[in-house]
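Peer 1: Here the numbering used here is used: the first residue of the sequence shown is 87, the next is one more, and so on.
Heads up, the beta-carbon is just placed ideally off N, CA and C, and yes, glycines get one too.
Values in this document were obtained by computation on a predicted structure and should not be read as measured data.
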Amino acid sequence: MALVRRLQCAAGSTTSATLISFQPFSPDMPHSQSKRPPASPVNGFTLVELLVVIAIIGVLVGLLLPAVQAAREAARRMQCSNNLKQIGLACHNYQSAFKKFPPSAVLDMSVSQTGNNGSWGVHGRILPFLEQGSLYDNVDLSIGWDHQSVIHEVRVPVYACPSDPGTGQIRTFSDNRPSLYPTTYGFNFGRWYVYAPNERRVGDGMFFPDSFLRFRDCVDGTSSTLLASEVKAWTPYTRNGGPSDTDMPATIAEAEAVVASGDQFKNTGHTEWPDGRVHHTGFTVTLAPNSEVMYQNGGETLIEMDFNSWQEGKNGIAGNPTYAMITSRSFHAGQVQAVFVDGSVRSVTESIDLDVWHALGTRNGRETIDADDLP
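Right, dumping it as structure tokens:
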């Protein structure tokens, strides 16, 4: 019960009173200062839930990443195919303009050492037909490319497959030669034998030094004869020696013996795009695409070796016959892409029958190829 007190002023006079009410304390009575709202429950992930989410994300990434990589590789492969298509059309236009396909090189037989090192190959001769007319107008094909600074660090995009990581590495020289980007497309020099400068005897491919071939010389048919195919930039090779046996190697073991017969080791194959020699701008069908050929260079084991015995006419008429094992390779899994003389671009699996591959590399071998065996 409330208590009421009257407070009076001093001198006993009664003035207006102030009533003050006191509420007695009771533990059952609500108290504003001691009353607090109940705590809200905490919303969040438990450790188990978090681990489950992380696991799900990991699975999704594992599923999606290969698909993304496959899509990117498909786009790169399409660009590579388009590059080969343009190269094929450029060769057709060159043939229309000059009434012959471009030679792999134009050689001076009077030299006796390295006078033909700078001879221009097919890549340089078809430049005006690849929308590179300005570059073509500024070079002189009658002088070696190795004395022309205008091509210093010039990149011709159509000469590089986007799947090959080596195409961005520039080839530099210790002398005054211009620095060069590599190429990943080589022209068809045939099966094995390439050129003998002292006899001027040529190989069975579509390209060789001082060649003069036309469409009509492709006796085997333009749809079943290779024009150009993929090669890898910075392919190691041996040269200037061998082979002890001039028969075309039939097995990988024989191919490895051929590589071992070379006197010089180089790791710069396909790094000089203007050059006419087969180890820089060509290939041969000696081995199936993407073949592995092992070689020990000091303590290093290399598995993709090439071979060029005498660099087809580098030393003029004093040079020995050239046999070359320059394999078509690519970074496209299980295959290479190639353009045929008719201009069609096709994928060739690395498991292709070797006899069929050999037949595709000859212009006049008169081999019979079953239509089902063609790429």
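Which class does Phe-215 belong to by DSSP, given the choice of helix, strand or coil?
Peer 2: Here residue 215 is taken as the residue at index 129 of the sequence shown, counted from 1. Residue state, collapsed to three classes: helix.
Peer 1: Pick out the complete alpha helix (DSSP H) segments inside the stretch 209-292, 4 residues or longer, and give them in chain order.
Peer 2: Within the stretch 209-292, the complete alpha helix (DSSP H) runs of at least 4 residues are 219-223.
Peer 1: Run through DSSP, which three-state label would Arg-92 get?
Peer 2: Sequence index remark: in the sequence shown, residue 92 carries index 6 (1-based). Residue placement at Arg-92 cannot be trusted, given a pLDDT of 41 that sits under 50; the coordinates are not used to answer.
Peer 1: Indicate whether Ser-433 and Pro-375 have their beta-carbon atoms separated by less than 7 Å.
Peer 2: As a working note, residue 433 is residue 347 in the sequence shown. As a working note, residue 375 is residue 289 in the sequence shown. No.
Peer 1: Express the C-alpha separation of Ala-141 and Asp-290 in angstroms, rounding to a whole number.
Peer 2: Sequence index remark: in the sequence shown, residue 290 carries index 204 (1-based). Sequence index remark: in the sequence shown, residue 141 carries index 55 (1-based). Answer to the nearest angstrom: the Cα atoms are 59 Å apart.
Peer 1: Put Leu-175 into one of helix, strand or coil per three-state DSSP.
Peer 2: The residue given as residue 175 occupies position 89 in the sequence shown. Looking at Leu-175 - three-state DSSP - the assignment turns out to be helix.
Peer 1: Taking just the CA atoms, how far does Asp-459 sit from Thr-435?
Peer 2: Sequence index remark: in the sequence shown, residue 435 carries index 349 (1-based). Sequence index remark: in the sequence shown, residue 459 carries index 373 (1-based). Going from the Cα of Thr-435 to the Cα of Asp-459 covers about 11 Å.
Peer 1: Looking only at its chain, what residues have a beta carbon closer than 7 Å to the beta carbon of Leu-446, apart from the 5 residues adjacent to it on each side?
Peer 2: Here residue 446 is taken as the residue at index 360 of the sequence shown, counted from 1. If we look at Leu-446 and ignore the five residues flanking it on each side, its Cβ neighbours are Ser-310, Thr-311, Leu-312 and Val-371.
Peer 1: Under the assumption that Tyr-323 contacts Lys-352 (Cβ atoms under 8 Å), give the Cβ distance between them as a whole number of angstroms.
Peer 2: For the purposes of this step, residue 323 is identified with residue 237 of the sequence shown, where counting begins at 1. For the purposes of this step, residue 352 is identified with residue 266 of the sequence shown, where counting begins at 1. The Cβ separation is near 6 Å, so the contact holds.
Peer 1: Tell me which same chain residues have a C-beta within less than 8 Å of the C-beta of Asp-306, skipping the five on either side of it?
Peer 2: Here residue 306 refers to the residue found at position 220 when the sequence shown is read from its first residue. The answer, listed in chain order, is Ala-445, Thr-448, Arg-449, Asn-450, Gly-451, Arg-452 and Glu-453.
Peer 1: Anyone know if the C-beta pair for Ile-212 and Ala-246 falls short of 7 Å?
Peer 2: Reading the sequence shown from its first residue, position 126 is the one you call residue 212. Reading the sequence shown from its first residue, position 160 is the one you call residue 246. Not in contact: Ile-212 and Ala-246 (Cβ atoms no closer than 7 Å).
Peer 1: On the three-state DSSP scale, how would you describe Asp-456?
Peer 2: Translated into the one-based positions of the sequence shown, residue 456 becomes position 370. DSSP places Asp-456 in coil when its eight states are reduced to three.
Peer 1: Nearest to Leu-75 by alpha carbon, out of Gly-210, Ile-229, Gly-230 and Ser-228?
Peer 2: Outside the displayed range of the chain (87 to 461) lies residue 75, so it cannot be described from this structure.
Peer 1: Pairs of beta-carbons, one from the stretch 323-340 and one from the stretch 255-272, closer than 8 Å: are there three or more?
Peer 2: Not touching, per the Cβ criterion.
Peer 1: Taking the continuous alpha helix (DSSP H) assigned at Ala-339, which residues delimit it?
Peer 2: As a position in the sequence shown, residue 339 is number 253, starting the count at 1. That run of the alpha helix (DSSP H) goes 338-346.
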